[in-house]
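Trainee:
In this note's numbering, the protein residues as written are -7 to 301.
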């Protein structure tokens, strides 16, 4: 016995006719008759009896009609409850975010997510793209925002945002940019650069572009943390290459001089396991991430970035 059989039964009982019920249900009458025969066989009772006026319910049929209406109403309530649950995500969600996005995206994203979905318990991991990639693949993180040139076969990626890479340096050395807001990669390679970790996505994007053109960076220092690099640069200890989202706060505070690197961009994507469907909390996170990114771009705070539709 299943909900479909019960709906068919109720329709026949209400219309007192297999023919009219078949028409309303958009099903062939022989198929409808077979469904009712199967239902009677499963229950071990006779549900209908023939009369001069057509068909009528037996005592067992009358009892089933009463129960069937209750069951179908219960199924409707379950469906409504699940729909409401989908509108109010709850449970646990482990997310991974890159350090570059901390000021511009992570803080407003988490604040708004908590406001909208207080019944979701968040677990936040900050890490390099390669580390987050492995964490999602191993099932330690549900979803993560990363930038990767290659994606493991067990993961699925959805592009979220594309933004330009920037060269930035001490505000006191603004003159070295020659008044330009964009520089070719060949010029950038000659600056004394503080490099990020070789596992860092921005480094991989920059290094790949240099290698493609047969260039080599003038690296004078290396640091694992993008936040450490931004402070080293702001303190006058060198120049660096990072996405705009990582240096927006410094640019707004006039602590650094910056120029876009012509033709060099980084794409941030949401990755999750290909074997598991996105949970309702994860879907809400994905949608809100796109929403926050669009707001930051429209406001002018995320200069040059583009949201994937």
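Virtual Cβ for every residue (Gly too), placed ideally from N, Cα, C. Keep in mind the model is a prediction, meaning the values are calculated, not measured.
1. If you draw a straight line from the C-alpha of residue 34 to the C-alpha of residue 104, how long is it?
2. Let's test the definition: count the other Cβ atoms within 10 Å of the Cβ of residue 124 and tell me whether it reaches 16, buried, or not, exposed.
3. With a 10 Å radius around its C-beta and 16 neighbouring C-beta atoms as the bar for buried, classify residue 1 as buried or exposed.
4. If you reduce the DSSP assignment to three classes, tell me which class residue 18 lands in.
5. Got a sec, what are the start and stop residues for the alpha helix (DSSP H) residue 151 sits in?
6. Starting from residue 213, follow the beta strand (DSSP E) in both directions and report where the run begins and ends.
7. Mapping DSSP to helix, strand and coil, what is residue 90?
8. Since residue 187 sits in a beta bridge, which residues does DSSP pair it with?
9. Could you tell me which residues DSSP pairs with residue 234 in its beta bridges?
10. What is the rounded straight-line gap between the Cα of residue 40 and the Cα of residue 70?
11. With DSSP collapsed to three states, give me the class of residue 76.
12. Out of 194, 131, 100, 128, state which residue places its alpha-carbon closest to the alpha-carbon of residue 159.
13. Determine the extent of the beta strand (DSSP E) in which residue 143 is found, giving its start and end residues.
14. With burial defined as no fewer than 16 other Cβ atoms inside 10 Å of the residue's Cβ, what is the status of residue -6: buried or exposed?
15. Using a Cβ-Cβ cutoff of less than 6 Å, which residues in the same chain neighbour residue 208 once the five nearest sequence positions on both sides are dropped?
16. So residue 215 packs on residue 224, CB below 8 Å; how close in whole Å?
17. Verify whether the separation of the beta carbon atoms of residue 236 and residue 155 is less than 8 Å.
18. Starting from residue 260, follow its DSSP beta bridges and name the residues at the other end.
19. Please state the DSSP three-state secondary structure of residue 62.
20. Going along the chain, which residues of its own chain have a beta-carbon closer than 6 Å to the beta-carbon of residue 260, five neighbours each way excluded?
21. Find out if the Cβ-Cβ distance for the pair residue 183, residue 161 is shorter than 8 Å.
22. What are the boundary residues of the beta strand (DSSP E) that residue 124 is part of?
23. Only counting the same chain, and skipping five residues up and downstream in sequence, which positions put a Cβ closer than 8 Å to that of residue 172?
24. State buried or exposed for residue 68, treating a residue as buried only when at least 16 other CB atoms are found within 10 Å of its CB.
25. DSSP state of residue 266, grouped into three classes?
Mentor: Taking the definition as stated:
1. 52 Å
2. buried
3. buried
4. Note: residue 18 maps to coil in three-state DSSP.
5. Segment 147 to 162 is the beta strand (DSSP E) holding residue 151; no alpha helix (DSSP H) there.
6. 211 to 214
7. coil
8. 214
9. 158
10. 29 Å
11. Residue placement at residue 76 cannot be trusted, given a pLDDT of 47 that sits under 50; the coordinates are not used to answer.
12. 194
13. No beta strand (DSSP E) holds residue 143; DSSP gives it neither H nor E.
14. exposed
15. none
16. 7 Å
17. yes
18. 153.
19. helix
20. 137, 139, 152, 153
21. yes
22. Run containing residue 124: none in the beta strand (DSSP E); it sits in the alpha helix (DSSP H), 121 to 129.
23. 251
24. exposed
25. If DSSP states are grouped into helix, strand and coil, residue 266 belongs with coil.
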